[in-house]
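These notes are about the structure you will find just below.
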Amino acid sequence: MISPDNAKLPETDFQSPMAELIQETLALTRRLFIQLIRRPSTLIAGILQPLIWLVLFGALFSNAPQGLLPGGVTYGKFLGAGVIVFTAFSGALNAGLPVMFDREFGFLNRLLVAPLQSRSSIVLSSVVYITSLSLLQSLAIIWTAALLGYGWPGVSGILLVAITLLLLIFAVTALSLALAFALPGHIELIAVIFVANLPLLFASTALAPLSFMPSWLGWLAALNPLTFAIEPIRAAYRGPVDLSTILFHAPYGDVNGYGCLTVLMVLTIGLFFLIRPILNRKLA
Amino acid sequence: MSVIHLEELEKSYGDVKALSGLTLDVPSGSLFGLLGPNGAGKTTALRILCTLLEPDSGNVTVLGLDALKDPCEVRKKLGYVAQEVALDKILSGRELLQLQGDLYHLRSIERNARIAELIERLEMGSWIDRRCGTYSGGMRRRLDLAAGLLHQPQLLVLDEPTVGLDIESRGKIWQILRELRSQGTTVLLSSHYLEEVEALADRMAIIDDGRVIAQGTPGQLKQNLGGDRVTIRVREFSDEIESEQVRRVLESIEGVSQVVVNRSQGFSLNLVVEGEKVLPKLREELQKAQFELFALTQSRPSLDDVYLQVTGKTLMDAELETAGQRDTKLERKKTMR
Ligand SMILES: Nc1ncnc2c1ncn2[C@@H]1O[C@H](COP(=O)(O)OP(=O)(O)O)[C@@H](O)[C@H]1O
Ligand SMILES: [Mg+2]
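In the order they appear, the protein sequences are chains B and P. With positions in the first sequence counted from 1, the corresponding number in the working numbering is that position plus 1. With positions in the second sequence counted from 1, the corresponding number in the working numbering is that position plus 6.
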C-alpha cells in the first residue's frame, strides 16, 4: 500500500530542538566515519607517517652524546612528544577537506535545503569527527612509542596530554574549517595544508630544543603554537608534572605549564571567534 | 489557492541577468511544468524558491510562508530534486536515504519504513545497498527523487528531472509524479523538453530570458493560438538565402502570418494560415515566384507553436543558440557557498 505523500505527521512526532540538533549532527558525523572506514588510506597514512618519523629520526640521533639534551633524555624520548603533537596537528589540519569537497560537489546544497535545526551541525560534525580521529591517531602513536621503549606518561600525565592535544586540535580544526569556506577550491586548500605543515614542524621544539637554534629560529619556535603543545607533553613524559614549573626559556621570558595551556586556550577561543563571521556568511 | 507565488523576481550574477521580473503562480495540487530553453532562468528561479539563493528583489511565498523571512519552515515542507544530483560516492543509496531522513528529523522507525516503501516504489531494491559511485544516471536520479520524497513534502520541486535518462528511468519518474499529483501533492518541474511538459503537466508556464511569457493549461495555451499551423519546404535541405526569399513571398500573402525560418530543421518555414482556403493561394504564389513546394504539412497547434508564438523562435533553435556557450563548471564555482 502506498501512503499518501501529503499525509500530516502526527503531533506526537515533535522532538526538542536539542534532540534534533543531536540527530542531525550524529548523522553527519556517521557519514564522515563511513567515508573513513571505506577509504582507510588517510587513517593508515596518518598513523604510519609519524611512526616512520619516530623510528627513523629516533635512530638517526641514537648515538648522539649523552647529556646533550635538556634533562639528559635520549633523543628518542625527546622526539616522542614532538611526533605526538605533529600527528594531532596534521590530522586536524585536514578537517576542512571533506567540507571543501561537499562545497565543490554540491553535497552542501543537500544539507542547506534540509530544515536543519542549526547549520552549526555541519561544522560540529566535522569537529567531532576530526577530534576523535586525531585523538585516536595520537593514542596509537603514544602506545607504539611506549612499546618502542620511549616511555609512558602515566595516568595523570595522559590526562595532561589529552587536554593539551584537544586544545590544539580544536584550534587547528577551526582554522582548517575557516579555510575550507574561505578558499575557492580543494587545490588551494591542499596547497595551504601542504605549505603549512612542515615549516610549522621545523620551526617548533618538536625536533630540537630551543637552545640548539639560532636566535631567529628560536623566536619563531617560541611563538609557534606547536611548541606550546609539545612542551607540556614532553614534561608529562619526564615525570609527574607541576604546571607551575618552567617548561622552556623563550627569548621573551620563561614559560611554565599554565602559560602553555593558557596560550592554547586563548588561541582556540580566538580562532573560533575569528571564523564565526566566515561561517555565518557562508552558511547563512 | 496558489502554493507558490513568485513576484517580480530579479536576480543577476555579475553582469548576467538571470531573472528579470519573473512572476509565477502555482495552484495547489497541480502538476506544473516550467518550460524554457537552456539559460532561461529555470534553475535560478527554483533555487530561490527552495531557499538556496536570495533574489536581488521580489517576493517569494511558498505554502503561505514568506520564504525570504522564514526559510526554515519552507524547507520542512518542501522536497527539492536538483538539476545536478549530488550523491556521496562512498555511501550506499540506503545510507544516503538514512542520512537524509535524519536531516529531516524523522524518527528511526518511521524513517526506515519510509525508506523501504520508496525502495519498492522506485524499484531500487537490487542496487540500493551498492555504493552510489557505481550508479548510472537513471539510478542516481531515482535515488535523488526518493530522497526528495522521504519526508512526505506537500510540495515537490524538480529541476529537469529526466535530462539524459534512459527510457525506463524516465517512465518510472513520470509514473511517480503522476501518482503524487493524484494523491494531492503539488509538483513543480522544470524542463526544456516539450514532450515532457506535454505528457505530464496540467498547468504550465513558458519562461524565456528570465521572465514568464505565457501561463495556463497546455490546452488553453494552444487554443489561444488560433489558426492552422503549416510547415513548408521548398526542397529537402534549403539554405538561408532561399528560405528568406520564400519568407518574403509568403508574408505578402493575405491570411498568412508569423512566418519563421526554422534553422535547425533544414531551413523549413513555419507559418500560420487563417483556415484551409489560404492554401490554394499559397501554392499559386509560390509557383509564380518559381519555388517548388517540396513538402507541406498541416498540424494542430502544439506547445512548440505556443513557444514560437510568444518568443518568435522555436524551442530547438533557442536551445542551439545557447548550446556550448555556458561554462557550467565556472558557474557552479561562482555559486558555490
Ligand atoms: N553562477 C552563475 N554565474 C554566472 N552566470 C550564471 C550563473 N548561474 C546561471 N547563470 C546564467 O544565468 C542565466 C540563467 O541560468 P539558469 O537559471 O541556470 O537557467 P536554466 O536553468 O533555465 O538553464 C544563464 O544565462 C546562465 O548562464
Ligand atoms: Mg537549469
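Glycine residues also receive a C-beta, built at the ideal position from the N, C-alpha and C atoms.
Notebook entry, point to check: chain P beta carbons: is any one of them nearer than 8 Å to that of residue 67 of chain B?
Noted result: Numbered from 1 along the first sequence, position 66 holds the residue referred to as residue 67 of chain B. With 8 Å as the cut-off, residue 67 of chain B does not count as an interface residue toward chain P.
Note to self: Taking the straight line between their C-alpha atoms, what separation do you get for residue 39 of chain P and residue 277 of chain B?
What the structure shows: As a first step, residue 39 of chain P is located in the second sequence; it is residue number 33 there, counting from the start. As a first step, residue 277 of chain B is located in the first sequence; it is residue number 276 there, counting from the start. Rounded to whole angstroms, residue 39 of chain P to residue 277 of chain B spans 41 Å at the Cα level.
Notebook entry, point to check: Skipping 5 residues on each side, what residues in its chain have a beta carbon closer than 6 Å to that of residue 221 of chain P?
Noted result: Here the question's residue 221 of chain P lines up with position 215 in the second sequence. The residues are 211.
Notebook entry, point to check: Under a three-way DSSP split, which group does residue 247 of chain B fall into?
Noted result: Counting from one through the first sequence, the residue named residue 247 of chain B turns up at place 246. It is a strand residue.
Check: Is the beta carbon of residue 217 of chain P sitting closer than 8 Å to the one on residue 28 of chain P?
Finding: By one-based count along the second sequence, residue 217 of chain P stands at place 211. By one-based count along the second sequence, residue 28 of chain P stands at place 22. Yes, Cβ-Cβ distance for residue 217 of chain P and residue 28 of chain P is below 8 Å.
Note to self: So, does the stretch 235–250 of chain P touch the stretch 284–299 of chain P, judging by three or more C-beta pairs under 8 Å?
What the structure shows: yes
Next item on the list: Using a Cβ cut-off of 8 Å (strictly closer), state whether residue 108 of chain B contacts chain P.
Entry: Indexing the first sequence from 1 puts residue 108 of chain B at position 107. With 8 Å as the cut-off, residue 108 of chain B counts as an interface residue toward chain P.
Item checked: Nearest residue (CA-CA) to residue 253 of chain P, options P:278, P:156, P:198, P:230 -> Stepping through the second sequence from its first residue, residue 253 of chain P is reached at position 247. For residue 253 of chain P, the nearest C-alpha among the options comes from P:278.
Item checked: Contacts that residue 81 of chain P makes with chain B (C-beta to C-beta distance below 9 Å) -> Position 75 of the second sequence, counted from the start, is the residue given in the question as residue 81 of chain P. Within 9 Å Cβ-Cβ: 113, 114, 115, 116, 117.
Note to self: Any beta carbon of chain B sitting closer than 8 Å to that of residue 128 of chain P?
What the structure shows: What you label residue 128 of chain P is simply residue 122 of the second sequence in a count that begins at 1. By this cut-off, residue 128 of chain P is not an interface position.
Notebook entry, point to check: Mind checking if residue 12 of chain B is an interface residue toward chain P, Cβ cutoff 8 Å exclusive?
Noted result: Against the first sequence, residue 12 of chain B aligns to sequence position 11. In this prediction, residue 12 of chain B has a pLDDT of 45, which is less than 50 and means its spatial position is unreliable; what the coordinates show is noted afterwards. Taking Cβ atoms only, chain P never reaches closer than 8 Å to residue 12 of chain B, which makes this a no.
Check: How close, in whole Å, do the beta carbons of residue 88 of chain B and residue 138 of chain B come, if the pair is a contact with beta carbons under 8 Å?
Finding: Start at 1 with the first residue of the first sequence, and residue 88 of chain B comes out as number 87. Start at 1 with the first residue of the first sequence, and residue 138 of chain B comes out as number 137. Indeed, because the Cβ distance is near 5 Å, the residues count as touching under 8 Å.
Check: Is residue 233 of chain B helix, strand or coil when you go by DSSP?
Finding: Along the first sequence, read from residue 1 onward, the residue named residue 233 of chain B stands at position 232. DSSP places residue 233 of chain B in helix when its eight states are reduced to three.
Next item on the list: Please name the residue, chosen from B:143, B:256, B:263, B:119, that lies closest to residue 80 of chain B on a Cα-to-Cα basis.
Entry: Along the first sequence, read from residue 1 onward, the residue named residue 80 of chain B stands at position 79. The residue with the shortest Cα to Cα distance from residue 80 of chain B is B:143.
Next item on the list: Using 10 angstroms around the beta-carbon of residue 3 of chain B, count the other beta-carbons present and answer buried if the total reaches 16, otherwise exposed.
Entry: Within the first sequence, residue 3 of chain B is the residue found at index 2, counting from 1. At residue 3 of chain B the pLDDT is 45, less than 50, meaning the model places this residue with poor confidence and gives no usable figure here.
Next item on the list: Counting only the same chain and skipping the five closest in sequence on each side, list residues whose C-beta sits under 7 Å from that of residue 112 of chain B.
Entry: Here the question's residue 112 of chain B lines up with position 111 in the first sequence. Only 123 meet the Cβ criterion.
Next item on the list: In the DSSP assignment, find the unbroken beta strand (DSSP E) run with residue 210 of chain P in it and report its ends.
Entry: Counting from one through the second sequence, the residue named residue 210 of chain P turns up at place 204. Residue 210 of chain P -> beta strand (DSSP E) spans 209–214.
Next item on the list: Compute the minimum distance between the beta carbon of residue 337 of chain P and the heavy atoms of ligand 1, and state whether it is under 7 Å.
Entry: As a position in the second sequence, residue 337 of chain P is number 331, starting the count at 1. Because some heavy atom of ligand 1 lies under 7 Å away, the Cβ of residue 337 of chain P counts as near it: yes.
Next item on the list: Give the DSSP-derived three-state secondary structure of residue 8 of chain P in the structure shown.
Entry: Working through the second sequence from its first residue, we reach residue 8 of chain P at position 2. Reduced to three states, the DSSP call for residue 8 of chain P is strand.
Item checked: chain B contacts from the stretch 223–243 of chain P (Cβ-Cβ distance under 9 Å) -> none
Item checked: Nearest-angstrom Cα separation, counted from residue 193 of chain P out to residue 109 of chain P -> Position 103 of the second sequence holds residue 109 of chain P. Position 187 of the second sequence holds residue 193 of chain P. Going from the Cα of residue 109 of chain P to the Cα of residue 193 of chain P covers about 22 Å.
Margin query: So, with DSSP's three-state summary, where would you put residue 325 of chain P?
Written below: On the second sequence, position 319 is the one that residue 325 of chain P refers to. Three-state DSSP puts residue 325 of chain P in a helix.
Notebook entry, point to check: Distance, Cα to Cα, residue 71 of chain P vs residue 79 of chain P?
Noted result: Position 65 of the second sequence, counting from 1, holds the residue named residue 71 of chain P. Position 73 of the second sequence, counting from 1, holds the residue named residue 79 of chain P. Going from the Cα of residue 71 of chain P to the Cα of residue 79 of chain P covers about 8 Å.
Notebook entry, point to check: Using a C-beta to C-beta distance shorter than 8 Å, which residues of chain P count as neighbours of residue 35 of chain B?
Noted result: Residue mapping note: residue 35 of chain B aligns to position 34 of the first sequence, counting from 1. Residues of chain P passing the Cβ test: 96, 97, 101.
Check: Nearest chain P C-beta to residue 78 of chain B closer than 8 Å, yes or no?
Finding: As a working mapping, residue 78 of chain B is identified with position 77 in the first sequence. Judged by the 8 Å Cβ criterion, residue 78 of chain B is not in contact with chain P.
Check: Does the beta carbon of residue 8 of chain B sit closer than 8 Å to a beta carbon anywhere in chain P?
Finding: Stepping through the first sequence from its first residue, residue 8 of chain B is reached at position 7. Bear in mind that a pLDDT of 49 at residue 8 of chain B, under 50, signals an unreliable position, so the model cannot answer this.
Check: Residues of chain P with a CB under 7 Å from the CB of residue 28 of chain B: which are they?
Finding: Looking up residue 28 of chain B in the first sequence gives position 27. Within chain P, the residues near residue 28 of chain B are 105, 108, 109.
Notebook entry, point to check: Given that residue 19 of chain P touches chain B, what residues does it touch there, using C-beta distances under 9 Å?
Noted result: Start at 1 with the first residue of the second sequence, and residue 19 of chain P comes out as number 13. Going along chain B, no residue has its Cβ under 9 Å from residue 19 of chain P, so there is no contact; the nearest lies around 16 Å.
Item checked: Any chain B beta carbon closer than 8 Å to residue 337 of chain P -> Reading the second sequence from its first residue, position 331 is the one you call residue 337 of chain P. With 8 Å as the cut-off, residue 337 of chain P does not count as an interface residue toward chain B.
Next item on the list: Count the C-beta pairs between the stretch 227–243 of chain B and the stretch 151–170 of chain B that are closer than 8 Å, then say yes if the count reaches three, no if not.
Entry: yes
Next item on the list: For residue 347 of chain P, write down the residues that DSSP places opposite it in a beta bridge.
Entry: Coverage of chain P is limited to positions 7 through 343, which leaves residue 347 of chain P absent and any answer about it impossible.
Notebook entry, point to check: What does residue 72 of chain P pair with, by DSSP beta-bridge criteria?
Noted result: For this step, residue 72 of chain P is matched to residue 66 along the second sequence. P:67.
Checklist line | Proximity winner among P:327, P:87, P:274, relative to residue 245 of chain P (alpha-carbon distances) | finding: Here residue 245 of chain P corresponds to residue number 239 of the second sequence, with the count starting at 1. Ranking the options by Cα distance to residue 245 of chain P, first place goes to P:274.
Next item on the list: Please list the residues of the stretch 37–61 of chain B that have a C-beta atom closer than 7 Å to any C-beta atom in chain P, keeping them in chain order.
Entry: 39, 40
Checklist line | Where the alpha helix (DSSP H) containing residue 272 of chain B begins and where it ends | finding: As a position in the first sequence, residue 272 of chain B is number 271, starting the count at 1. 258–283 is the extent of the alpha helix (DSSP H) around residue 272 of chain B.
Margin query: If I measure Cβ to Cβ from residue 184 of chain B and keep anything under 6 Å in the same chain, skipping five residues before and after, which residues do I get?
Written below: As a first step, residue 184 of chain B is located in the first sequence; it is residue number 183 there, counting from the start. The residues are 190.
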